[in-house]
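Enquirer:
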Amino acid sequence: MTESTGPATEEQGSGQQQSWRDSVPDATATDLENLLGTGVSAAQEQLQRNGGFLPFALTVQNDGEVRLVAVSPADADEGSDGDFDAEAMISDLTALLRQNREDFRAAAVVCDILLVEEDSDAIHVAAEHRDGSVFAAVLPYSANAGTQTWEFGDLAADASEPAIWVD
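Just so it is clear: in the sequence shown, position 44 is 44 by full-length UniProt numbering, and no numbers are missing.
See the structure below:
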């Protein structure tokens, strides 16, 4: 699990929040929003089914098809109670996406993070388009022991840097 200090927002000089969607072409926004929605849904489904999820990636192929990309976790170290190295998995996913970036026009890495300031787990989706646009979001969640279900907070924008279309 990685850590984040919390959601970040973009603001204009006037103090009004600028819509992220207004700053990118419609086709790019559609691809990134598709990755965001699919990533959040897949992570929620894995949480509900398995109680957690491993980092994974999604791509929008050149033909528009969305594909799942996964890597196997490295073997857990002796005495680590079977924990996996999420940072290594994210690094492997990013490297794999970089190597194959000619095959798709957008990609997102989805992982489980800890929002330090809120002391909450969250689904983190960092989406990137080949045109240089990036968008990331976090969705806080917690287990409700009484109902044995997951409760989700509000989706919020988060800061992100390009990681796939960089050289």
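Heads up, the beta-carbon is just placed ideally off N, CA and C, and yes, glycines get one too. What you are looking at is a predicted structure, and each value in this text was computed from that prediction instead of being measured.
(1) Tell me whether residue 64 is buried or exposed, calling it buried when 16 or more other Cβ atoms sit within 10 Å of its Cβ.
(2) Determine, using beta carbons only, whether residue 44 and residue 52 come nearer to each other than 9 angstroms.
(3) Quick one: residues in its chain with C-beta nearer than 7 angstroms to the C-beta of residue 61, no 5 flanking neighbours on either side, listed in chain order?
(4) If I follow the unbroken alpha helix (DSSP H) through residue 147, where does it start and stop?
(5) For residue 98, which residues in the same chain have their Cβ closer than 7 angstroms to its Cβ, ignoring the five residues on either side in sequence?
(6) Using DSSP bridges, identify the partner residues of residue 128.
(7) Any idea what DSSP makes of residue 164, helix, strand or coil?
(8) Find the nearest neighbour of residue 138 within the set 149, 126, 31 and 91, judged by alpha-carbon distance.
(9) Whole-angstrom Cβ separation of residue 40 and residue 133, contact assumed at under 8 angstroms?
(10) Can you tell me which of the three DSSP states residue 70 falls into?
(11) By DSSP, does residue 24 sit in helix, in strand, or in coil?
(12) According to the Cβ coordinates, are residue 112 and residue 140 closer than 9 angstroms?
(13) Mind checking who residue 36 pairs with in its DSSP beta bridge?
(14) Based on the DSSP secondary-structure assignment, which residues constitute the bridge partners of residue 159?
(15) Look at the Cβ atom of residue 32, then the Cβ atom of residue 128, and state whether they are nearer than 9 angstroms.
(16) Nearest to residue 28 by CA position, among 59, 118, 55 and 54, is which residue?
(17) In three-state terms, what does DSSP make of residue 121?
Expert: Inspection of the coordinates gives the following:
(1) exposed
(2) no
(3) These residues qualify, in order along the chain: 67, 103 and 104.
(4) Unbroken run through residue 147: none, as it is neither H nor E.
(5) 164
(6) 107 and 134
(7) coil
(8) Of all alpha-carbon atoms in 149, 126, 31 and 91, the one lying nearest the alpha-carbon of residue 138 is that of 126.
(9) With a Cβ gap of about 18 angstroms, residue 40 and residue 133 do not count as contacting.
(10) coil
(11) coil
(12) no
(13) DSSP lists no partner for residue 36.
(14) According to DSSP, residue 159 bridges with nothing at all.
(15) Yes, Cβ-Cβ distance for residue 32 and residue 128 is below 9 angstroms.
(16) 59
(17) Strand, per DSSP.
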